[in-house]
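Shown next, in structure tokens, is the structure this report addresses.
Numbering (this note's numbering), first residue to last: 68 to 461.
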């Protein structure tokens, strides 16, 4: 995948992040913006975007983050379809130059990576931006350099790259496009409803009104999640032979990314352990989707407040086994329903899972594409989802 990298104020074009992206197999363009002010940096990045074919994923670090955000916003205003934007500890508080002032609401898939221990650019700016624009923020146990989180950056870019790949079926493209239009058009009024409810909640201290507006906010969030899963299910139905991208992919890094994207209170409920080599030739996007669904399912089906245990076993030369274990026993019929579309679920969802009723049918399809196997066992008051990933390509 072609990546346009925008380096920070005190670094250069070929630092740790850009080199890691290049070493991971991406075609990286990293303009030398040392000594340039923000206005000039945005011009350089826009010129690089115009010259690129195909249009690249854009990655911006620190001061390069605000430059990248501005460049992508202007590119989108010119109807350029940027496949994704990753902002690493972005300096969002830096004001846009008069020439480049524009609405910064991202119009492409956007992820912010920011360390909680950042002493150069406070994470609060990224939190506020993520809340305002409904952007995914991954909070990391790292400092401003994100030196301990390069694997998360690589996984994020791989996911965006995989999502940007065209489908292999014309029918799939048309079907997904139709679902995309419908879900997009539904998101706009839902966003207006959510904003109105949040403003109402903020303007009242009366307990009953607060509860009612919170119910609206919660249900809007549920509907957005339903739209997300509907779009994923449409892709599965419309694309019987999905395109896939061989790795290498790091199963341990993938589960780490999944855990980091959980709500802060849920992150504390997941414990990860590993042994051996977690690397294999798996599509990173599909692997993370599978793991995200399985972890989400384990959190929802816990019978008590115990943690979900995730074990990554790469000791065998021909496979990696991932086990996701939670408290509680599931009957055989209930386990079978997990793979049935729209099957009724009677288990409590203590952490607020929002589901369309598709069970794990999406996961089953993705597992088949990877040539992997998935089994769910339940005994001794524990339930275990065991994912076997072959190292050899199917």
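Every residue gets a Cβ at the ideal spot worked out from N, C-alpha and C, and that includes glycine.
Rounded to the nearest angstrom, the gap between the Cα atoms of residue 123 and residue 340 is 35 Å. In this structure, the straight-line span from the alpha carbon of residue 459 to that of residue 386 is close to 8 Å. Per DSSP, the beta bridge partners of residue 377 are 339 and 391. When DSSP states are grouped into helix, strand and coil, residue 186 belongs to the coil group. When DSSP assignments are scanned along the region 77-164, the uninterrupted stretches of alpha helix (DSSP H) that are 4 or more residues long and fall wholly within it turn out to be 83-90, 105-118 and 130-144. With respect to the C-alpha of residue 164, the residue from 110, 106, 210 and 142 having the closest C-alpha is 106. The shortest C-alpha to C-alpha distance from residue 158 to any of 136, 148, 150 and 287 is the one to 136. Residue 451 is not a Cβ neighbour of residue 360, given a cutoff of 8 Å.
With 16 or more other Cβ atoms inside 10 Å of its own Cβ, residue 154 counts as buried. Secondary structure note for residue 452: its beta strand (DSSP E) is the uninterrupted segment 449-457. The beta-carbon distance between residue 327 and residue 205, rounded to whole angstroms, is 5 Å. This is short enough to meet the 8 Å contact definition. The region 190-198 makes no contact with the region 80-94: fewer than 3 CB pairs, one atom from each, lie closer than 8 Å.
Setting aside the 5 residues that flank it on each side, residue 379 is surrounded in the same chain by 318, 319, 341, 345 and 389, each with a C-beta closer than 6 Å to its C-beta; the list follows chain order. If you look at residue 214, you'll find it isn't in any beta strand (DSSP E); DSSP assigns it neither H nor E. Checking the DSSP bridge columns, you'll see residue 193 has no partner listed. Apart from sequence neighbours up to five positions away, the residues of its chain that approach residue 315 with a beta-carbon distance below 6 Å are 346, ordered along the chain. Of 80, 83, 351 and 100, the smallest CA-CA separation from residue 225 is found for 351. The three-state secondary structure of residue 328, taken from DSSP, is coil. In this structure, residue 217 places its C-beta atom within 8 Å of the C-beta atom of residue 87. Short of 7 Å from the beta carbon of residue 89, and not among the five residues preceding or following it, lie these beta carbons of its own chain, in chain order: 95. Nearest neighbour of residue 355 by Cα position, chosen from 221, 170, 393 and 162, turns out to be 221. Comparing alpha-carbon positions, the option among 101, 148, 191 and 129 lying closest to residue 176 turns out to be 148. Take residue 453, set aside five residues on each side of it, and the residues of its chain with a beta-carbon closer than 6 Å to its own are 390 and 442, in chain order.
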